[in-house]
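Everything in the sequence shown is counted per our numbering, starting at 5 for the first residue and increasing by one.
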Amino acid sequence: MNLGVIGLGIIGRAVVKAADEGQVPFTISGVATRTPGNAADFMDSLTRRPPMMEMSEVAEVSDIVLEASGGPTVETICREALSRGKDVVINSVGALLERSDLVALAEENKARIYVPSGAIIGLDGLKGAATGRLESVTMTTRKPPQSLKGAPYIDENNIDIDKITEPTVIFEGSPIEACKGFPANVNVSAAVSLAGIGPHRTRMRIICDPTVDRNVHEVEAVGEFGRSFVRIENVPTENHRTGILTYLSNIHFLRQSTAALVVGT
Numbered sequence: 005m006n007l008g009v010i011g012l013g014i015i016g017r018a019v020v021k022a023a024d025e026g027q028v029p030f031t032i033s034g035v036a037t038r039t040p041g042n043a044a045d046f047m048d049s050l051t052r053r054p055p056m057m058e059m060s061e062v063a064e065v066s067d068i069v070l071e072a073s074g075g076p077t078v079e080t081i082c083r084e085a086l087s088r089g090k091d092v093v094i095n096s097v098g099a100l101l102e103r104s105d106l107v108a109l110a111e112e113n114k115a116r117i118y119v120p121s122g123a124i125i126g127l128d129g130l131k132g133a134a135t136g137r138l139e140s141v142t143m144t145t146r147k148p149p150q151s152l153k154g155a156p157y158i159d160e161n162n163i164d165i166d167k168i169t170e171p172t173v174i175f176e177g178s179p180i181e182a183c184k185g186f187p188a189n190v191n192v193s194a195a196v197s198l199a200g201i202g203p204h205r206t207r208m209r210i211i212c213d214p215t216v217d218r219n220v221h222e223v224e225a226v227g228e229f230g231r232s233f234v235r236i237e238n239v240p241t242e243n244h245r246t247g248i249l250t251y252l253s254n255i256h257f258l259r260q261s262t263a264a265l266v267v268g269t
């Protein structure tokens with residue numbers, strides 16, 4: 005099968021490299037990036053260099069399109085791919101919140117929108133719990149100050165990250181609000197909300213914590229099944245906003261798509 009990749013940051017490069025090394029059962033049919041010059045050395049390092057294209061061209065030549073380019077590109081990617089009956093894999097899942105029109109577009113064209121687990125674990129259990137009565141889901145994210153710099157919420161509220169010397173709650177609200185204020189930091193909260201009780205009922209808390217050097221996510225769910233508490237401490241990549249688990253999750257998702265044995269809900 006042919007896989008198109010849009011975005012050649014940490015996630016996009018990891019997926020393209022995995023395909024180049026035969027670790028996933030896909031051929032990279034085309035790639036797109038807003039900064040092709042920055043990807044030149046990476047592209048030269050590949051054994052089978054895929055062609056660089058525009059987003060619409062990637063959608064045309066691919067069976068499935070993987071987005072790793074950020075929230076502002078999600079709508080265009082979905083419309084280009086889904087309207088052609090092509091499946092999409094979305095990493096910037098915050099851009100899908102309250103976008104039932106994109107789900108409807110997928111249904112209309114018999115295509116599918118996939119969301120990898122990304123930086124979180126336990127979504128299989130959360131999905132199972134949500135099949136019954138799920139009363140509450142609360143997510144708490146702790147991040148080192150450096151990874152929060154430049155977030156719209158930080159700038160709009162004049163929060164001086166450098167002056168925070170102890171763990172400090174800087175945001176409480178819904179995943180919808182969190183993804184708008186921290187579009188590059190908490191896409192994981194959108195995945196949690198979609199797997200569970202939705203983005204309006206899920207509660208999100210963000211803590212700026214200078215005592216940690218990892219991105220820490222905790223999810224507590226309560227329902228008729230009982231109570232669950234999941235905690236993960238993600239080792240960041242050179243891009244402090246993205247953890248190693250995020251791209252590993254994408255690689256496993258692609259492997260699983262053709263596997264004879266699939267484990268988990």
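Even for Gly, the Cβ is constructed at its ideal location relative to N, Cα and C.
Sequence-distant residues of the same chain with beta carbon closer than 6 Å to residue 128, five excluded per side: As a position in the sequence shown, residue 128 is number 124, starting the count at 1. Once the five neighbours on either side are set aside, the close Cβ partners of residue 128 are 268, 269.
Expected contact under 8 Å - CB spacing of residue 4 and residue 10 to nearest Å: Residue 4 lies beyond the range of the chain shown here (5 to 269); nothing can be said about it.
Cβ neighbour criterion (16 or more within 10 Å) applied to residue 238: Position 234 of the sequence shown, counting from 1, holds the residue named residue 238. When all chains shown are included, residue 238 counts as buried.
DSSP state of residue 114 mapped onto helix, strand, coil: Translated into the one-based positions of the sequence shown, residue 114 becomes position 110. Residue state, collapsed to three classes: coil.
Extent of the continuous alpha helix (DSSP H) to which residue 5 belongs: Sequence index remark: in the sequence shown, residue 5 carries index 1 (1-based). No residue range can be given for residue 5, since it is assigned to no alpha helix (DSSP H) and is classified by DSSP as neither H nor E.
Spatial distance of residue 248 from residue 227 (CA atoms): Counting from 1 along the sequence shown, the entry for residue 248 is found at position 244. Counting from 1 along the sequence shown, the entry for residue 227 is found at position 223. Their backbone Cα atoms lie some 31 Å apart in a straight line.
Beta carbon of residue 108 nearer than 8 Å to that of residue 78: For the purposes of this step, residue 108 is identified with residue 104 of the sequence shown, where counting begins at 1. For the purposes of this step, residue 78 is identified with residue 74 of the sequence shown, where counting begins at 1. Not in contact: residue 108 and residue 78 (Cβ atoms no closer than 8 Å).
Simplified DSSP state of residue 153, which is helix, strand or coil: Within the sequence shown, residue 153 is the residue found at index 149, counting from 1. Secondary structure of residue 153 (DSSP, three-state): coil.
Top-ranked residue by Cα proximity to residue 224, from 217, 209, 106, 216: Against the sequence shown, residue 224 aligns to sequence position 220. Measuring C-alpha to C-alpha distances from residue 224 to each of 217, 209, 106, 216 identifies 209 as the nearest.
Residues near residue 155 in its chain [Cβ-Cβ closer than 8 Å; skip 5 each side]: Translated into positions along the sequence shown, residue 155 becomes position 151. Hits under 8 Å: 185, 186, 187, 188, 189.
Residue 245 and residue 151 closer than 8 Å at C-beta: Taking the sequence shown and counting its residues from 1, the one referred to as residue 245 is at position 241. Taking the sequence shown and counting its residues from 1, the one referred to as residue 151 is at position 147. Taking 8 Å as the Cβ cut-off, residue 245 and residue 151 qualify as a contacting pair.
Backbone secondary structure at residue 127 - three-state DSSP: Here residue 127 refers to the residue found at position 123 when the sequence shown is read from its first residue. Helix, per DSSP.
Residue ranges of each alpha helix (DSSP H) within the region 60 to 105, 4 or longer: Complete alpha helix (DSSP H) runs here, min 4: 78 to 86.
Stretch-stretch touch, CB-based, cutoff 8 Å, three pairs: the region 110 to 126 with the region 172 to 184: Inter-segment contact for the region 110 to 126 and the region 172 to 184 is absent: fewer than three beta-carbon pairs are separated by less than 8 Å.
Straight-line Cα distance separating residue 207 from residue 138: Looking up residue 138 in the sequence shown gives position 134. Looking up residue 207 in the sequence shown gives position 203. For the pair residue 138 and residue 207, the Cα-to-Cα distance works out to about 13 Å.
contact_flag[the region 77 to 95, the region 49 to 68] where n(CB pairs < 8 Å) is 3 or more: Yes, they touch.
Three-state secondary structure (DSSP) of residue 46: The sequence position of residue 46 within the sequence shown is 42, counting from 1. In the structure shown, the three-state DSSP call for residue 46 is helix.
Three-state class that DSSP yields for residue 15 in the structure shown: To locate residue 15, count along the sequence shown from 1; it is residue 11. Of the three classes helix, strand and coil, the one that applies to residue 15 here is helix, per DSSP.
Per-residue burial, residue 221 [other beta carbons within 10 Å of its own, 16 or more giving buried]: Taking the sequence shown and counting its residues from 1, one reaches residue 221 at position 217. Classification for residue 221: buried.
Member of 256, 144, 195 whose CA lies at the smallest distance from the CA of residue 97: By 1-based counting over the sequence shown, the position of residue 97 is 93. Of the listed residues, the one whose Cα sits closest to residue 97 is 195.
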